[in-house]
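Letter by letter, the sequence shown follows residues 37 to 374 in the numbering used here.
We treat Cβ as the ideally placed atom computed from N, Cα and C, and that holds for glycine.
Report on the structure given below.
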Amino acid sequence: MRMLVTGGAGFIGSNFILYWMKNYPNDQIVNFDKLTYAGNLENLKEVENNPNYKFIKGDIVKTEEVENAMEDVDVVVHFAAESHVDRSIKNPSDFILTNVLGTQVLLESALRRNVKRFHHISTDEVFGSIDLEDKDKFSERTQYDPRSPYAASKASSDHLVRAYFVTYGLPITISNCSNNFGSFQFPEKMIPLAITNILEGRKVPVYGDGLYVRDWLYVEDHCRAIEAVLQKGKVGETYCVGGLTDDINNLDVVRKILRLLGKDEGFIEFVKDRPGHDRKYAIDWTKIKNELGWEPLHTFDEWLEKTVDWYKTHQDWWKKLKTPEFQKYYDEQYGDLD
Ligand code: NAD
Ligand code: TYD
Numbered sequence: 037m038r039m040l041v042t043g044g045a046g047f048i049g050s051n052f053i054l055y056w057m058k059n060y061p062n063d064q065i066v067n068f069d070k071l072t073y074a075g076n077l078e079n080l081k082e083v084e085n086n087p088n089y090k091f092i093k094g095d096i097v098k099t100e101e102v103e104n105a106m107e108d109v110d111v112v113v114h115f116a117a118e119s120h121v122d123r124s125i126k127n128p129s130d131f132i133l134t135n136v137l138g139t140q141v142l143l144e145s146a147l148r149r150n151v152k153r154f155h156h157i158s159t160d161e162v163f164g165s166i167d168l169e170d171k172d173k174f175s176e177r178t179q180y181d182p183r184s185p186y187a188a189s190k191a192s193s194d195h196l197v198r199a200y201f202v203t204y205g206l207p208i209t210i211s212n213c214s215n216n217f218g219s220f221q222f223p224e225k226m227i228p229l230a231i232t233n234i235l236e237g238r239k240v241p242v243y244g245d246g247l248y249v250r251d252w253l254y255v256e257d258h259c260r261a262i263e264a265v266l267q268k269g270k271v272g273e274t275y276c277v278g279g280l281t282d283d284i285n286n287l288d289v290v291r292k293i294l295r296l297l298g299k300d301e302g303f304i305e306f307v308k309d310r311p312g313h314d315r316k317y318a319i320d321w322t323k324i325k326n327e328l329g330w331e332p333l334h335t336f337d338e339w340l341e342k343t344v345d346w347y348k349t350h351q352d353w354w355k356k357l358k359t360p361e362f363q364k365y366y367d368e369q370y371g372d373l374d
């Protein structure tokens with residue numbers, strides 16, 4: 037089987053390629069990635085010389101590059117995207133270009149090449165925000181209500197993917213997952229930012245009152261969910277994937293990280309809130325559990341400990357990413373925070 041992975045040099049895409057090549061060594065993987073600031077081929081060192089792995093530097097917005105990469109492909113797993121909400125607030129246009137137009141270019145090419153499956157990776161952020169006191173959870177039946185430019189761009193891409201199924205019969209599946217964490221995550225996102233800042237002796241910026249809730253999903257559990265959808269999922273269907281059953285807020289996540297690193301709460305710095313900050317995401321993952329037999333392998337605390345250990349033992353990996361360019365972004369985002 038030949039699989040085209042878009043955005044395979046990013047956080048989840050690289051974890052997915054490593055997972056897939058370990059478990060399906062006879063499959064061929066083509067990693068198609070533009071290598072934006074978030075793409076990092078170091079994540080894939082383990083497989084770079086494997087004859088079943090090929091990297092193509094390319095942009096999903098460019099039809100010709102996509103057409104070439106799609107040759108003889110059986111399955112597409114589409115991760116490529118601009119993925120950071122804060123950056124989408126500062127500069128929405130890149131998000132529309134890559135996440136919306138790029139997805140449409142891929143769909144068109146997949147149709148022409150008769151791919152057997154197009155799996156689209158999406159997010160729970162398309163569903164909007166839940167009130168803190170509300171016990172509701174997002175499910176496959178929840179109406180779309182995106183509230184950030186990032187969420188709106190992902191919602192648009194989901195609509196296009198479904199339209200290609202209904203209108204042209206492209207064999208698609210979609211997964212809408214919650215916030216991932218784990219190895220190889222770019223240190224602009226909350227968990228790796230918190231861990232690496234503390235390891236550097238720097239403060240952790242917590243937005244607003246810190247009582248925002250995310251449904252944390254360990255990246256390897258996410259890879260297993262995608263595997264389940266590819267193998268047992270029904271064409272045309274959407275699967276929601278989450279990691280937790282109980283709410284846990286950002287402040288408690290940071291406190292857990294501080295405990296794991298033996299540090300006190302003096303590292304917490306409350307900073308200006310994100311505009312339009314979604315209060316809570318929570319996923320009801322009953323469908324994927326009942327229909328495909330998927331569930332997370334371990335608890336959040338166990339996975340968080342493993343993640344903290346990974347950043348402790350891979351300081352070379354993330355220190356290289358905290359470049360002057362990253363510092364410039366950081367200063368703009370967090371002002372005077374040291
Ligand atoms: P990431 O930002 O770490 O990686 C994105 C990758 O896409 C990078 O390697 C980048 O170089 C590549 N890319 C960007 N624009 C491209 C383009 N025009 N052409 C080709 N490649 C391009 O993102 P991630 O966290 O790994 O997220 C992967 C997917 O999962 C995204 O679609 C995202 O919306 C979705 N998702 C992520 C999370 C999360 O918590 N990280 C949660 C839900 C859904
Ligand atoms: P993030 O990792 O950016 O993911 P998303 O915005 O896609 O959910 O943020 C996770 C949560 O952490 C979110 O509620 C925003 C909050 N947050 C902070 O409090 N401080 C930070 O520096 C960052 C990056 C996020």
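Neighbour-count burial assignment, residue i, 16 or more Cβ in a 10 Å radius
{"i": "Tyr204", "result": "exposed"}
{"i": "Phe27", "result": "Residue numbering for the chain in the displayed model covers 37 to 374; residue 27 lies beyond these limits and cannot be assessed."}
{"i": "Lys218", "result": "First, the residue type needs correcting, since residue 218 is Gly and not Lys in the sequence shown. Flag for Gly218 reads buried."}
{"i": "Asn326", "result": "exposed"}
{"i": "Glu224", "result": "buried"}
{"i": "Lys70", "result": "buried"}
{"i": "Gly279", "result": "buried"}
{"i": "Pro185", "result": "buried"}
{"i": "His350", "result": "exposed"}
{"i": "Lys270", "result": "exposed"}
Close beta carbons around residue i, own chain, < 6 Å, minus the five adjacent residues each side
{"i": "Asp110", "result": "Met37, Arg38, Lys152"}
{"i": "Ala188", "result": "Pro182"}
{"i": "Val83", "result": "Met57, Tyr89"}
{"i": "Asp172", "result": "Ile166"}
{"i": "Ile208", "result": "Phe154, Val197, Phe201"}
{"i": "Asp130", "result": "Glu118"}
Residues near residue i by beta carbon distance below 8 Å, same chain, minus five either side
{"i": "Val344", "result": "Ile231, Ile293, Leu296, Leu297"}
{"i": "Asn59", "result": "Glu263"}
{"i": "Tyr370", "result": "Pro241, Val307"}
{"i": "Pro311", "result": "Ile125"}
Beta-carbon contacts of residue i that lie in its chain and below 7 Å, excluding the five residues immediately before and after
{"i": "Asn150", "result": "none"}
{"i": "Glu101", "result": "Gly94, Asp95"}
Beta-bridge pairing of residue i - partner residues as DSSP gives them
{"i": "Leu253", "result": "Asn216"}
{"i": "Asp69", "result": "Lys93"}
{"i": "Thr274", "result": "Ile210"}
{"i": "Leu40", "result": "Val66, Val112"}
{"i": "Ile319", "result": "Phe174"}
{"i": "Thr159", "result": "Cys213"}
{"i": "Tyr243", "result": "Val307"}
{"i": "Phe154", "result": "Val112, Ile208"}
{"i": "Asn285", "result": "Val249"}
Residue i versus residue j: straight-line alpha-carbon distance, rounded
{"i": "Phe154", "j": "Lys316", "result": "30 Å"}
{"i": "Pro87", "j": "Ile53", "result": "14 Å"}
{"i": "Pro241", "j": "Glu338", "result": "24 Å"}
{"i": "Glu176", "j": "Gln363", "result": "39 Å"}
{"i": "Val202", "j": "Pro128", "result": "29 Å"}
{"i": "Asp108", "j": "Val289", "result": "44 Å"}
{"i": "Phe220", "j": "Thr72", "result": "15 Å"}
{"i": "Lys308", "j": "Gly244", "result": "6 Å"}
{"i": "Asp170", "j": "Ala261", "result": "27 Å"}
{"i": "Leu147", "j": "Pro360", "result": "42 Å"}
{"i": "His120", "j": "Asn135", "result": "12 Å"}
{"i": "Gly44", "j": "Arg238", "result": "30 Å"}
Residue i CB to nearest heavy atom of the ligand MG below 6 Å
{"i": "Cys276", "result": "This structure lacks the ligand MG; the ligands present are the ligand NAD and the ligand TYD."}
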